[in-house]
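The structure appears right after this line, and notes come after that.
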DNA sequence: GCTCCTTTGTTGCCTAAGCAACAAATTTTC
DNA sequence: GAAAATTTGTTGCTTAGGCAACAAAGGAGC
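Chains as they are written, first to last, in our numbering: chain S, 1 to 195; chain Y, 1001 to 1195.
The structure is reproduced here in structure tokens:
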């Protein structure tokens, strides 16, 4: 979103990728709680001190891992730009499902901690994304900025809540049907504000 | 051979690997003559100046590529240590064939230049290897050191000559048979010196 | 011949990564 | 629950790699 014209040092880029990849690799055989910074540094073939130059701790690392991953799926689902609220909300739900599937497919057992870290990051990103979307595609000139912000916060939690419900409880149900049932609720929240 | 107890900087190791891999990758689509140092550095995601810190030019790089590759096959063929001259010579011929197959399978078109560079490196390694082998396994106490060195030189060229003949001309013939026909000639050269 | 353009090595200065050693916290083990 | 062993962050110093600019040497095209 922001004009990132900052030239990034190739070494930095490479090292971050090495660290990210190392974590992904380790999570195939170990729980996130079990993995140590030592192991990550070793697997990434970098020095432990270098790790700390990039991330304050392993939680900051996993935050970025989640953000990177989710951003990819989010962007992908936004390719054919969803111009109506309905299509937009569908895209969000699909992106979450995509990401969750990737995570729980590729990496064996992320568990408790990991999932809640992921939830936080994803909600944060959803809120940001929805905020921007509201500003661009639903100017709602008669609605105060504060109201839009509150709406974005609420929607991000709502979207995640619905997605999580399917992921953890209703996965027997067809995802497409589930999304079709859910979206009207979300859209309703928006329309309610439109006077 | 020499006790390499020198601790090698992880960055150095990584960079060399990046450069080697970059060349291999580029050789899948371009001739060695066509590949520029620029491209190699770019593909390796390192700076061109860094390339020159490791290799004096692309010829030095390809030398190492050949040495690394051939050394691998040579070591592998020496696993079950060939104690008789016959078995040893067989192992050498097999190693050359292994390596050649890998090169011309994996990389599309190495051509003229490349092949002659490879030939030089391989003969050099063969000579070194044969020299050590002669010293350890055929002490030949009554043969002067100079004589053994000359023998090593001659054998390295002979071995390569025979292998190359098969690789470039007689490949229709079964390799195993070809080796069985060739080895006696080589062993003969050694036996001739044994009193 | 000539120009234009690319590639080649080389250099000095700057920045990121490696290393070793440390205190503090945490976990293991008995 | 105390001792031993890991793990965690942090620090000062060293070294490898990035960058930009350079002269020199081909090559391609006219």
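Glycine included, each C-beta is placed from N, C-alpha and C at the ideal position.
Enumerate in chain order the residues of its own chain whose CB-to-CB distance from residue i is below 7 Å, with the five nearest sequence positions on each side excluded.
{"i": "residue 61 (chain S)", "result": "19, 23 and 55"}
{"i": "residue 1155 (chain Y)", "result": "1130, 1186 and 1189"}
{"i": "residue 1043 (chain Y)", "result": "1022, 1025 and 1026"}
{"i": "residue 1149 (chain Y)", "result": "1131"}
{"i": "residue 15 (chain S)", "result": "46, 50 and 54"}
{"i": "residue 157 (chain S)", "result": "123"}
{"i": "residue 39 (chain S)", "result": "26"}
{"i": "residue 220 (chain S)", "result": "Since the first residue shown for chain S is 1 and the last is 195, residue 220 (chain S) is missing from the structure and cannot be characterised."}
{"i": "residue 170 (chain S)", "result": "178"}
{"i": "residue 1033 (chain Y)", "result": "1113"}
Is residue i close to chain S, meaning its C-beta is less than 8 Å from at least one C-beta of that chain?
{"i": "residue 1048 (chain Y)", "result": "no"}
{"i": "residue 1084 (chain Y)", "result": "no"}
{"i": "residue 1190 (chain Y)", "result": "no"}
Less than 8 Å between C-beta atoms, sequence neighbours within five positions excluded: which residues of the same chain meet that for residue i?
{"i": "residue 68 (chain S)", "result": "20"}
{"i": "residue 1010 (chain Y)", "result": "none"}
{"i": "residue 1106 (chain Y)", "result": "1024 and 1028"}
With 16 as the cutoff for other CB atoms within 10 Å, does residue i come out buried or exposed?
{"i": "residue 179 (chain S)", "result": "buried"}
{"i": "residue 1089 (chain Y)", "result": "buried"}
{"i": "residue 6 (chain S)", "result": "exposed"}
{"i": "residue 1113 (chain Y)", "result": "exposed"}
{"i": "residue 1099 (chain Y)", "result": "buried"}
{"i": "residue 134 (chain S)", "result": "buried"}
{"i": "residue 127 (chain S)", "result": "buried"}
{"i": "residue 96 (chain S)", "result": "buried"}
{"i": "residue 1046 (chain Y)", "result": "buried"}
{"i": "residue 1182 (chain Y)", "result": "buried"}
{"i": "residue 1152 (chain Y)", "result": "buried"}
{"i": "residue 1122 (chain Y)", "result": "buried"}
{"i": "residue 91 (chain S)", "result": "buried"}
{"i": "residue 197 (chain S)", "result": "In the structure as shown, chain S starts at 1 and stops at 195, and residue 197 (chain S) therefore has no counterpart that could be examined."}
{"i": "residue 17 (chain S)", "result": "exposed"}
Chain Y beta carbons: is any one of them nearer than 8 Å to that of residue i?
{"i": "residue 14 (chain S)", "result": "yes"}
{"i": "residue 31 (chain S)", "result": "no"}
{"i": "residue 8 (chain S)", "result": "no"}
{"i": "residue 45 (chain S)", "result": "yes"}
{"i": "residue 38 (chain S)", "result": "no"}
Leaving aside the five residues before and after residue i along the sequence, list all residues of the same chain whose C-beta is less than 6 Å from its C-beta, in chain order.
{"i": "residue 1041 (chain Y)", "result": "1048 and 1051"}
{"i": "residue 1085 (chain Y)", "result": "1187 and 1190"}
{"i": "residue 1074 (chain Y)", "result": "1095"}
{"i": "residue 1117 (chain Y)", "result": "1062"}
{"i": "residue 1035 (chain Y)", "result": "1026"}
Since residue i contacts residue j with CB under 8 Å, what's their CB separation in whole angstroms?
{"i": "residue 83 (chain S)", "j": "residue 137 (chain S)", "result": "7 Å"}
{"i": "residue 1163 (chain Y)", "j": "residue 1093 (chain Y)", "result": "6 Å"}
{"i": "residue 1143 (chain Y)", "j": "residue 1193 (chain Y)", "result": "6 Å"}
{"i": "residue 1070 (chain Y)", "j": "residue 1125 (chain Y)", "result": "6 Å"}
{"i": "residue 58 (chain S)", "j": "residue 37 (chain S)", "result": "6 Å"}
Handout entry: alpha helix (DSSP H) runs wholly inside the region 81-143 of chain S, at least 4 long, in chain order
Key = 85-106 and 111-137
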